[in-house]
Amino acid sequence: MVSTFNGLEMAKRALSAQQAAMYTTSHNISNANTEGYTRQRVNFEAINGLTSSREPGGIIDTLGNGVEPGSVERIREQFLDVQYRKENGKTKYYEQKAEAATQMEAILNEPSEEGLSHIFDQFWNSLQDLSVNPEDSGARSVVAQRAEAVADTFHYVSSSLESVREDLRNEMNVKQTEFNSLVDQVNQLNRQIGEIEPHGHVANDLYDERDRLLDQLSSIADISVKYEKSSGMPSPVAMGKATVTLNSGTNKVTLVDGNSYEVNHLHVELNDNNNVKAFHYYNPEEVEPDDAIIEANATIFSGDYQSTGQLKGLMEMQGYETGEVDGAGNPVEEGVYIDMLNDLDVMVNAFMTKFNETHSEGYDINGDEGIEDFFIIDPNAERPSLGLSVNEAILDNKDLIAASSQANASGDGLNAVNLAASYTDHLDELGNKTSVKSYFEGMIGELGVIAQEAYRMEANAGTLRQQVSDNRDSVSRVSLDEEMINLIKFQHAYNAAARSMTAVDETLDRIINNMGLVGR
Amino acid sequence: MRVTQSMLSNNMLRNLSKSYTSMNKYMDQLTTGKKINRPSDDPVIAMKGMRYRTEVGNVEQFQRNITEMHTWMDTSDDTLDETTQILNRLRDLTVQASNGTYEQNQRAAIAKEVDQLQQQLVEAANTKVNNKYIFNGTQTTGIDVAGTLEKPVTLDADGNPVVNLDPADYRAVELEVTAGTRLQANVNPTNVYSQELFDDVKALSDALKSEIPDEDFDEFISVVDKHIDNTVSERADLGARMNRVELIESRLEGQRITARDMMSQNEDAEIEEVIMNLTSQEAIHRAALSAGSRVIQPTLLDFLR
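Line by line, the protein sequences are chains A and B. So for the first sequence, numbering that gives the first Met the number 0 puts the first residue at 0; every next one is plus one. So for the second sequence, numbering that gives the first Met the number 0 puts the first residue at 0; every next one is plus one.
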């Protein structure tokens, strides 16, 4: 037996359910352009008929009892999130490398009429000019000036590379702060979610917020996320609290623990050469950042760090310890910038040694033996390429340039030819059959390949990320047309429910007001 | 696949930006005229570009060296020519003196001319080009005699020429004309302007002033002939080297053209191709813009009452 007013109740439930759906649609429309928003859907649930313990099987009739708005659920595919974060990490990693490579290409500026190789060519030309006019003081001055230009260009390249390296280091610092802040924010959201979910609520917009933060975190390092069920009576569609783990090959570090609400912050340790030595993870509640190196919960050495993301990109461009040691027991350092700086130093040293040696073998215009150091390197300079300069004595007195191969032979310019050859002759310090010139060409070629690779991979990873992102958007983003159709659908259902309420009303009106009036 | 408005507009934005990127590339190529502007555009072309640039620079430098070579050689040649003429005149005079028709005062007049010719020989030996003595080996600024730089040939207290260059100290002046190839630029003055030459001319002059019999001058004729021979053979040697320099010069010119050509082929953009690319890219860009404007604008709202 059904209650008299069951129809009214049912219609009322229908009205409020359709209304809830309309509000959700409205929420979706409002957030159509909100970054990271996931469209929501009301899970309508039909209400079963009445049950009675007096009847066998419990159900006394098959009449339904209308609808109830069950949970409001996000339409989201977790698997796509995992894919997206993987690709995002890669894209950001290559983006970071490509950006740093662009800067390096701009600094070295090859091939051009301004780069180091052109300055070297000019120096070579000036020495050749000197060789045909060794007694000409003008030719001597030009040689001295060109030599200074070579030293200046080395300074410029070296200091520019060093300053970009410093920028990269600062950026690492910023990323470290961002990383720690993201970890804290995710933890904060975990707490909020953990307070809401036990009561059966579904914190959809907090999930969105958390997913957005996790996306950001994935651009800094490679992470994986696992969800812990909340205690109490969580809704079946509740996501739970996120446990975030950093992946670096087989090394795993828990960044956010969903159960204990404990987090690990990151501290990047640099060695004396400002190269990355290790990544330390410490509990900020127990350990001060300054003590992070000693009291870290986990440490990944730079040579083992494989967590693809901006941090790794910065590390590989800037410079890091590979974990190996060289013959002298010093750690081996690698990195595109540090390698380029070291290569420049090798080149400066080899060129200077050869040039000075040749110079000391010649004779100056007065028939005296050439002085031993045409070029000098300031021993206090940070690196040879920064400390290279032309001997003051030469700049003060150009007659000291040893252009002749014999004493008292002012017209003999053979040593100037030999000096010029220090740029093109094979030098053992630079490797097998390698001259300063070809060594530098090699450096530029290598840079070209590294940069090209970074650009290509950036584009490739970007395309993949785009695809995954499209897939994710396809599932989760708001389509205005669809929402409009839904709105119309719900509106019609609302109108129909109102009509059915009117029908019940009319029925009741018949019973209450118009019955029992026979013959009246 | 479900496609939403924001996906459409994001994709359109991304594709437009891609289109701008490639237009920018073609613009760069057009404005710089170069296929590549940074090593990563093509590392091999970049490395080759650096090499060809150096190559072109080197060849041009060697051409400049050769200009200097010409200065040396041409002046040497002219001076040797003049020297030969002087020596020929000396020979004529000697022949005249030897044929026994001249009186003592006429011989004295010849002696005066011989002395003048001697002076001219000294001047020839002291020829300077670009402030360099060209008949003095590598000691082009002069010879250090007791602390002062002296000309190659000076006159002693009696007005007799003294050659200051010790033949043992003579070194050839060599210039590099192609990578690794050095050519001698000067002539060996010890074969031409030797002490012997000046002494012989002096002896001739002395003989003319003395009263030795005419037939004794026959000996002088052969002496002068020997010096003419020396000069001519040195000049022949110089001529042979000049030929070689000319050969090298024309080869260098060929090399310069080839190197420039290679450099251009290596890195210069093909303008026609770039313009074609730019034009088609422009068309694509326009199409993308117009397609975008059609796809982005309408929504269901436009059609709902």
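Beta carbons are placed, not taken as given, at the ideal position from N, Cα and C, and that holds for glycine.
Does the ligand MG have even one heavy atom less than 6 Å from the beta-carbon of Met500 (chain A)?
-> Absence of the ligand MG from the depicted structure is noted, as is the absence of any ligand whatsoever, leaving it without description.
Starting from Met483 (chain A), find everything on chain B with Cβ-Cβ shorter than 8 Å and list it in chain order.
-> Thr298, Leu299, Leu300 and Leu303
Would Gln60 (chain B) count as contacting chain A if we go by Cβ distances under 7 Å?
-> yes
What does Ser73 (chain A) touch in chain B if you count any residue whose Cβ is under 8 Å from its own?
-> For the record, residue 73 (chain A) in the displayed sequence is Arg; it is not Ser. None at all; the shortest Cβ gap to chain B is about 15 Å.
Determine the extent of the beta strand (DSSP E) in which Ile142 (chain B) is found, giving its start and end residues.
-> Ile142 to Val144
Would you say Tyr362 (chain A) reaches chain B, if we count a Cβ-Cβ gap shorter than 7 Å as a contact?
-> no
Are the C-beta of Val152 (chain B) and some C-beta of chain A separated by less than 7 Å?
-> no
Any chain A beta carbon closer than 7 Å to Glu67 (chain B) = yes
Could you tell me the distance, in whole angstroms, from the CA atom of Glu208 (chain A) to the CA atom of Met49 (chain B)?
-> 52 Å
Sub-7 Å separation of Gln60 (chain B) and Gln127 (chain A) beta-carbons | yes
Residues near Ser468 (chain A) by beta carbon distance below 7 Å, same chain, minus five either side = Tyr83
Taking C-alpha atoms, which residue in A:Trp123, A:Ser359 and A:Asn273 lies nearest to Val55 (chain B)?
-> A:Trp123
Compare the C-alpha of Lys131 (chain B) against each of B:Val2, B:Thr93, B:Ser5 and B:Ser75 and name the closest.
-> B:Ser75
Can you pull the chain A residues whose beta carbon is under 7 Å from the beta carbon of Gln138 (chain B), in chain order?
-> Asn407, Ala408, Ser409 and Gly410
Taking all protein chains shown into account, decide if Val144 (chain B) is buried (16 or more other Cβ within 10 angstroms of its Cβ) or exposed.
-> exposed
At which residues does the alpha helix (DSSP H) containing Pro383 (chain A) begin and terminate?
-> Pro383 to Gly386
Per-residue contacts from Glu109 (chain A) into chain B (C-beta, under 7 Å) = Pro38, Ala45 and Met49
Interface flag, Gln466 (chain A) vs chain D, CB-CB below 7 Å = Absent from the structure: chain D. Protein chains present are A and B.
Shorter than 7 Å from the beta carbon of Phe118 (chain B) to some beta carbon of chain A?
-> The sequence given here places Gln at residue 118 (chain B); Phe does not occur at that position. No, Gln118 (chain B) does not count as interfacial toward chain A.
Rounded to a whole number of angstroms, what is the C-alpha to C-alpha distance between Leu203 (chain B) and Gly238 (chain B)?
-> 30 Å
Return helix, strand or coil for Glu320 (chain A), following the three-state DSSP convention.
-> strand
Top-ranked residue by Cα proximity to Lys240 (chain A), from A:Ser247, A:Gly248 and A:Ser230 = A:Ser230
Based on the DSSP secondary-structure assignment, which residues constitute the bridge partners of Arg73 (chain A)?
-> A:Gln39
Apply the 10 Å Cβ neighbour rule to His226 (chain B) and answer buried if 16 or more other Cβ atoms are within range, or exposed otherwise.
-> buried
Below 7 Å between beta carbons is the criterion; list the residues of the stretch 175-203 of chain B that meet it against any residue of chain A, in chain order.
-> Glu175
Examine chain B for any beta-carbon lying closer than 7 Å to the beta-carbon of Gln127 (chain A), and answer yes or no.
-> yes
Sufficient close CB pairs (3 or more, under 8 Å) joining the stretch 261-275 of chain A to the stretch 179-192 of chain A = yes
CB contact below 7 Å: Met262 (chain B) versus chain A = no
Where in the stretch 312-399 of chain A do unbroken runs of the beta strand (DSSP E), each at least 3 residues long, occur, reported from the N-terminal end onward?
-> 319-324, 330-333, 374-376 and 387-389
Take Asp325 (chain A) and list the residues in its own chain whose beta-carbon comes closer than 6 Å to its own, dropping the five residues that flank it on each side.
-> Val331
Anything in chain A within Cβ reach of Asn125 (chain B), meaning under 9 Å, just list it in chain order.
-> None at all; the shortest Cβ gap to chain A is about 15 Å.
Mind checking the stretch 426-450 of chain A against chain B and listing, in chain order, the residues whose C-beta falls within less than 7 Å of any C-beta there?
-> Lys436, Glu440, Ile443, Gly444, Leu446, Gly447, Val448 and Ala450
Roughly how far, in whole angstroms, is the beta-carbon of Ser218 (chain A) from the beta-carbon of Gln309 (chain A), given that I think they are within contact range, below 8 Å?
-> 6 Å
What's the C-alpha gap between Gln18 (chain A) and Leu516 (chain A)?
-> 40 Å
Residues in the stretch 117-143 of chain A having any Cβ partner in chain B nearer than 9 Å | His117, Phe119, Asp120, Gln121, Trp123, Asn124, Gln127, Asp128, Ser130, Val131, Asn132, Pro133, Glu134 and Asp135
9 Å Cβ cut-off: residues of chain B touching Val416 (chain A) | Glu173, Leu174, Glu175 and Arg181
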